[in-house]
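Q:
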Amino acid sequence: MGVSFGILGPLQVLRDGFPVDPGSGKQQTLLATLLAHANARVSSDVLVEVLWTDDPPRTARKNIQVYVSALRRLLDGGTGSRIVHQRGGYVLQATADELDALSFMQRARAGSLTEALDLWRGPALDGFRGVPLIGDAARRLERRFLEVSEDWAEAEIAAGGGAAAIERLTEIAQRHPLRERLRMAQMTALCRAGRRSEALAVYDDLRQALARELGLPPSPALGRFYQSLLREQEDSEPRFEVPHRARAHAPNLLPWDLPNLTGRETETAEVVDVLTRGRSGPVVVSGPLGAGKTALAIRVAHRLGDHFSDGRFFVRLRGEDGRLRPLEDVVSQLPFTRARMPGGRADPRREWQTWLSQRRALVVLDDARRECEVRPLLPETGQSAVIVTARSALIGLEGAYRIRLSTFTPAEALQFLGRVIGTDRVTADRESAERVVAACGLLPLGVRLAAERMAFLRHVPLREYAARIADPGGLVDELCGSDPAVRSRLTEAIGDLPGPAHQAVLRLGTLAEPVFTLQQATAVLEAETGTAIRLLETLLEAGILTVVGGEEAAETVRYEMPRLPFAVFVSGRHTVFEPVESRLHTGAS
Numbered sequence: 001m002g003v004s005f006g007i008l009g010p011l012q013v014l015r016d017g018f019p020v021d022p023g024s025g026k027q028q029t030l031l032a033t034l035l036a037h038a039n040a041r042v043s044s045d046v047l048v049e050v051l052w053t054d055d056p057p058r059t060a061r062k063n064i065q066v067y068v069s070a071l072r073r074l075l076d077g078g079t080g081s082r083i084v085h086q087r088g089g090y091v092l093q094a095t096a097d098e099l100d101a102l103s104f105m106q107r108a109r110a111g112s113l114t115e116a117l118d119l120w121r122g123p124a125l126d127g128f129r130g131v132p133l134i135g136d137a138a139r140r141l142e143r144r145f146l147e148v149s150e151d152w153a154e155a156e157i158a159a160g161g162g163a164a165a166i167e168r169l170t171e172i173a174q175r176h177p178l179r180e181r182l183r184m185a186q187m188t189a190l191c192r193a194g195r196r197s198e199a200l201a202v203y204d205d206l207r208q209a210l211a212r213e214l215g216l217p218p219s220p221a222l223g224r225f226y227q228s229l230l231r232e233q234e235d236s237e238p239r240f241e242v243p244h245r246a247r248a249h250a251p252n253l254l255p256w257d258l259p260n261l262t263g264r265e266t267e268t269a270e271v272v273d274v275l276t277r278g279r280s281g282p283v284v285v286s287g288p289l290g291a292g293k294t295a296l297a298i299r300v301a302h303r304l305g306d307h308f309s310d311g312r313f314f315v316r317l318r319g320e321d322g323r324l325r326p327l328e329d330v331v332s333q334l335p336f337t338r339a340r341m342p343g344g345r346a347d348p349r350r351e352w353q354t355w356l357s358q359r360r361a362l363v364v365l366d367d368a369r370r371e372c373e374v375r376p377l378l379p380e381t382g383q384s385a386v387i388v389t390a391r392s393a394l395i396g397l398e399g400a401y402r403i404r405l406s407t408f409t410p411a412e413a414l415q416f417l418g419r420v421i422g423t424d425r426v427t428a429d430r431e432s433a434e435r436v437v438a439a440c441g442l443l444p445l446g447v448r449l450a451a452e453r454m455a456f457l458r459h460v461p462l463r464e465y466a467a468r469i470a471d472p473g474g475l476v477d478e479l480c481g482s483d484p485a486v487r488s489r490l491t492e493a494i495g496d497l498p499g500p501a502h503q504a505v506l507r508l509g510t511l512a513e514p515v516f517t518l519q520q521a522t523a524v525l526e527a528e529t530g531t532a533i534r535l536l537e538t539l540l541e542a543g544i545l546t547v548v549g550g551e552e553a554a555e556t557v558r559y560e561m562p563r564l565p566f567a568v569f570v571s572g573r574h575t576v577f578e579p580v581e582s583r584l585h586t587g588a589s
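Heads up, the sequence shown is in the UniProt record's numbering, so the first residue is 1 and it goes up one at a time.
So, in structure tokens, the structure goes:
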């Protein structure tokens, strides 16, 4: 089993399943800090501030080296493979199988909400929350815990399991008494279990707590829900027929709406308009890897909560390894179908389509590669709607409304950067800020990763950070080094391409710049012009390449590979995925 860590509760270190003493108080604080920022570099300056807030000794850095050496002996026999020294700081490397916080996030993204919640043993990083840097990380984890708890409660209620969820719901609500969405779920579960008077008491407790702590009444939606319960007869099951704008118990199984999402106002408004007009057929949001397709779809779905009274669902078509999830596995996780598909029933996909056709729900199908992955999940009739995110336009999908995303404009990229790291910091050195976003190729994914990194490295001047990411190797180390999943996503993008197209990407990665002409591509591909055009068009359709500018003759058009994926391929340190044909031939899974 090896070494594993727990921070979803008191700090825990296990070797082969048995507890291990992590050492002295400061050594534990150091370990907690590195675990709270696993796979990201924490500078020695930050560690000094964490361990000695006001008056660090002259030997502070030496002391940190001693603590790190002790932790290395404890965790990996002193090899240094677990805690790595990197550019004046330290990185603790861990996977989701080794660190409960990473496993929690992974399971929550995959929709395994019960499994995600079962990982929690108490308040995150309990005992270290007084340290500002650790406390901030703990609060971020607990905000996500509450979001997942609310998603889980609504899914359980929708699937008919509300009565079994009451105990856990009540326990969480007692620790977070002012969370109205949580209280709504608790009231609904109690009513479904025939415990109407307890549900009414929950509302009264919440009303008093809000008045006492915040001087506010409950939200109008919750108030209307409460009034609907009062109107019910004692011996009848509550109807829960509040107007759809107040139906907060309709399941919202969406990921977080990114608070710093910038730009895309025109595209967002266009998708909202299409969906609210009741147009049949899916909306396909396409664009290159990292263009922000999923973020836009989630933003739209959050805005349309009032319009889709039977719920909003987010469906990941691919697993963490990038492989297509079996369709039956996808459908079985949709909450309304679980209760309707006992063993031996017929086609679960048909059950889902039937349910969807009879209701008004919104479904986001994320990361489709081919039309055949989408068709079985589309409603045949009715008022439900579907948003599909894909790198290609899925031109074979009949009746689809298509919208394509590109990179940020320079102004949008700087605006996003300012929202994350502070507008004052951008304004103080605008030239360096422009160099940063240009190095990221204005790609939303790259700009977001750089912004989050700079927000953490608040002591590093913008000009220094811009110099770090000026070359492809530095860009990859900075933006992908803290999260191996990012590098995996980028390399996985070419993993299911046909063999010739797969090899073409690797060859194009040897070019000096990510923008190139047909003549340059033909030379590096060592192919005839016609063959090169067909390969490039295959990569365009797959969303690996884009075309710079408008319509031009094939000989004069300029192609572009988004800068971050290009940097990964140029760096030569990525995992080279075998083409699909090769995997099939060798029998690899």
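Every residue gets a Cβ at the ideal spot worked out from N, C-alpha and C, and that includes glycine. From a predicted model like this one, the values you see are computed outputs, not experimental measurements.
Around the C-beta of residue 339, are 16 or more other C-beta atoms found within 10 angstroms, so that it is buried, or is it exposed?
A: Here residue 339 refers to the residue found at position 339 of the sequence shown. Bear in mind that the predicted position of residue 339 carries a pLDDT of just 41, short of 50, making it unreliable; the figure below should be weighed with that in mind. So residue 339 counts as exposed.
Q: Check for me: the alpha helix (DSSP H) holding residue 416 runs from which residue to which?
A: Taking the sequence shown and counting its residues from 1, one reaches residue 416 at position 416. Note, residue 416: alpha helix (DSSP H), 410 to 421.
Q: Given residue 304, which residues of its chain have a CB within under 8 Å of its CB, disregarding the five upstream and five downstream residues?
A: Your numbering for residue 304 matches position 304 in the sequence shown. 272, 275, 276, 312, 362, listed in sequence order.
Q: Which term fits residue 384, buried or exposed, when burial requires 16 or more other beta carbons within 10 angstroms of its beta carbon?
A: Within the sequence shown, residue 384 is the residue found at index 384, counting from 1. The residue in question, residue 384, is buried, as its Cβ has 16 or more Cβ neighbours within 10 Å.
Q: Would DSSP call residue 532 helix, strand or coil?
A: Here residue 532 is taken as the residue at index 532 of the sequence shown, counted from 1. Note: residue 532 maps to helix in three-state DSSP.
Q: Restricting to Cα atoms, I'd like to know which of 456, 93, 442, 302 is closest to residue 81.
A: Your numbering for residue 81 matches position 81 in the sequence shown. Among 456, 93, 442, 302, the Cα nearest to that of residue 81 is on 93.
Q: Can you have a look at residue 62 and say buried or exposed, based on whether 16 or more other CB atoms are within 10 angstroms of its CB?
A: By one-based count along the sequence shown, residue 62 stands at place 62. When all chains shown are included, residue 62 counts as exposed.
Q: Measuring only the C-alpha atoms, how far is residue 460 from residue 532?
A: By 1-based counting over the sequence shown, the position of residue 460 is 460. By 1-based counting over the sequence shown, the position of residue 532 is 532. Whole-angstrom Cα-Cα distance: 44 Å.
Q: Which residues mark the beginning and the end of the beta strand (DSSP E) in which residue 314 is found?
A: Translated into the one-based positions of the sequence shown, residue 314 becomes position 314. Per DSSP, residue 314 belongs to the beta strand (DSSP E) from 312 to 316.
Q: Tell whether a beta-carbon distance below 8 Å holds between residue 543 and residue 446.
A: Residue numbering aside, residue 543 sits at position 543 when the sequence shown is read from its first letter. Residue numbering aside, residue 446 sits at position 446 when the sequence shown is read from its first letter. Contact flag unset, no.
Q: Given a cut-off of 8 Å, decide if residue 449 and residue 407 are closer than it, judged by their beta-carbon atoms.
A: Here residue 407 is taken as the residue at index 407 of the sequence shown, counted from 1. Here residue 449 is taken as the residue at index 449 of the sequence shown, counted from 1. Contact flag unset, no.
Q: Assign residue 69 to one of two classes, buried (16 or more other C-beta atoms within 10 Å of its C-beta) or exposed (fewer than that).
A: The count along the sequence shown starts at 1 and reaches residue 69 at position 69. Residue 69 comes out exposed.
Q: Which residues bound the beta strand (DSSP E) around residue 65?
A: As a first step, residue 65 is located in the sequence shown; it is residue number 65 there, counting from the start. Where residue 65 is concerned, there is no enclosing beta strand (DSSP E), although the alpha helix (DSSP H) it sits in stretches over 60 to 76.
Q: If you run the structure through DSSP and keep just helix, strand and coil, what is residue 516?
A: The sequence position of residue 516 within the sequence shown is 516, counting from 1. Residue state, collapsed to three classes: strand.
Q: Leaving aside the five residues before and after residue 452 along the sequence, list all residues of the same chain whose C-beta is less than 7 Å from its C-beta, in chain order.
A: Counted from its first residue, the sequence shown places residue 452 at position 452. Closer than 7 Å at Cβ, skipping near neighbours: 420.
Q: Over the uninterrupted beta strand (DSSP E) stretch that includes residue 365, give me the two end residues.
A: Position 365 of the sequence shown, counted from the start, is the residue given in the question as residue 365. Looking at the DSSP string, the run of the beta strand (DSSP E) that includes residue 365 is 362 to 368.
Q: Would you grab the beta carbon distance between residue 192 and residue 163 for me? Rounded to a whole angstrom, and I think it's under 8 Å.
A: Residue 192 sits at position 192 when you count from the first residue of the sequence shown. Residue 163 sits at position 163 when you count from the first residue of the sequence shown. Residue 192 to residue 163, Cβ: 7 Å. Contact.
Q: Could you tell me the alpha carbon to alpha carbon distance between residue 53 and residue 29, rounded to whole angstroms?
A: Within the sequence shown, the letter at position 53 stands for residue 53. Within the sequence shown, the letter at position 29 stands for residue 29. Distance between the alpha carbons of residue 53 and residue 29: 12 Å.
Q: Any idea if residue 591 is buried or exposed, counting beta-carbon neighbours within 10 angstroms, 16 or more meaning buried?
A: Residue numbering for the chain in the displayed model covers 1 to 589; residue 591 lies beyond these limits and cannot be assessed.
Q: Rounding to the nearest angstrom, what Cα-Cα distance links residue 218 and residue 170 in this structure?
A: To locate residue 218, count along the sequence shown from 1; it is residue 218. To locate residue 170, count along the sequence shown from 1; it is residue 170. Computed Cα separation, rounded: 18 Å.
Q: With a cut-off of 8 Å on the beta carbons, I'd call residue 188 and residue 157 a contact; round off their distance for me.
A: Residue numbering aside, residue 188 sits at position 188 when the sequence shown is read from its first letter. Residue numbering aside, residue 157 sits at position 157 when the sequence shown is read from its first letter. Yes, they are in contact, since the Cβ atoms of residue 188 and residue 157 sit about 5 Å apart, within 8 Å.
Q: Residue 214: which of 177, 45, 502, 112 sits nearest, CA to CA?
A: Stepping through the sequence shown from its first residue, residue 214 is reached at position 214. With distances taken between Cα atoms, residue 214 lies closest to 177.
Q: Tell me where the beta strand (DSSP E) around residue 403 begins and ends.
A: If you number the sequence shown from 1, residue 403 lands on position 403. Run containing residue 403: 401 to 404, per the beta strand (DSSP E) assignment.
Q: Does residue 219 come out as helix, strand or coil in the three-state DSSP assignment?
A: Here residue 219 refers to the residue found at position 219 of the sequence shown. It is coil, neither helix nor strand.
Q: My understanding is that residue 401 touches residue 319, with C-beta atoms under 8 Å, so please give their C-beta distance in whole angstroms.
A: As a first step, residue 401 must be located in the sequence shown, where it is residue number 401. As a first step, residue 319 must be located in the sequence shown, where it is residue number 319. Not a contact, Cβ separation roughly 28 Å.
Q: Quick check: the Cα distance between residue 4 and residue 95, rounded to an integer number of angstroms?
A: Sequence index remark: in the sequence shown, residue 4 carries index 4 (1-based). Sequence index remark: in the sequence shown, residue 95 carries index 95 (1-based). Computed Cα separation, rounded: 9 Å.
Q: With a Cβ-Cβ cutoff of 8 Å, do residue 44 and residue 9 count as a contact?
A: Position 44 of the sequence shown holds residue 44. Position 9 of the sequence shown holds residue 9. No, these two residues do not count as a Cβ contact at 8 Å.
Q: Who are the near neighbours of residue 579 in its chain, counting only those whose CB is closer than 6 Å to its CB and skipping five residues on each side?
A: In the sequence shown, residue 579 corresponds to position 579, counting from 1. Reliability of the predicted coordinates at residue 579 is poor, the pLDDT of 37 falling under 50, and the value obtained from them is presented with this limitation in mind. Cβ neighbours of residue 579 beyond the five flanking positions: 499, 502.
Q: Which whole-angstrom value describes the C-beta separation of residue 100 and residue 119, a residue pair presumed to lie in contact below a C-beta threshold of 8 Å?
A: By one-based count along the sequence shown, residue 100 stands at place 100. By one-based count along the sequence shown, residue 119 stands at place 119. About 5 Å separates the two Cβ atoms, so the contact holds.
Q: Once DSSP output is grouped into helix, strand and coil, what is the label at residue 248?
A: Here residue 248 refers to the residue found at position 248 of the sequence shown. Bear in mind that a pLDDT of 43 at residue 248, under 50, signals an unreliable position, so the number given afterwards is only what the model happens to contain. Here residue 248 sits in coil by DSSP.
Q: Consult DSSP for residue 387 and reduce its assignment to one of helix, strand or coil.
A: Taking the first residue of the sequence shown as position 1, residue 387 is located at position 387. Residue 387: strand per DSSP, three-state reduction.
Q: Could you give the first and the last residue of the continuous alpha helix (DSSP H) run that contains residue 351?
A: The count along the sequence shown starts at 1 and reaches residue 351 at position 351. Where residue 351 is concerned, the enclosing alpha helix (DSSP H) stretches over 348 to 357.
Q: Near residue 353, what residues of its chain come up, given a Cβ to Cβ distance below 7 Å and the 5 sequence neighbours on each side ignored?
A: Position 353 of the sequence shown, counting from 1, holds the residue named residue 353. Closer than 7 Å at Cβ, skipping near neighbours: 379, 380.
Q: For residue 458, which three-state DSSP category applies?
A: As a first step, residue 458 must be located in the sequence shown, where it is residue number 458. Coil.
Q: Mapping DSSP to helix, strand and coil, what is residue 502?
A: Along the sequence shown, one-based indexing puts residue 502 at 502. Residue state, collapsed to three classes: helix.
Q: Classify residue 27: buried if its beta carbon has 16 or more other beta carbons within 10 angstroms, exposed otherwise.
A: On the sequence shown, position 27 is the one that residue 27 refers to. By the 10 Å Cβ count, residue 27 comes out buried.
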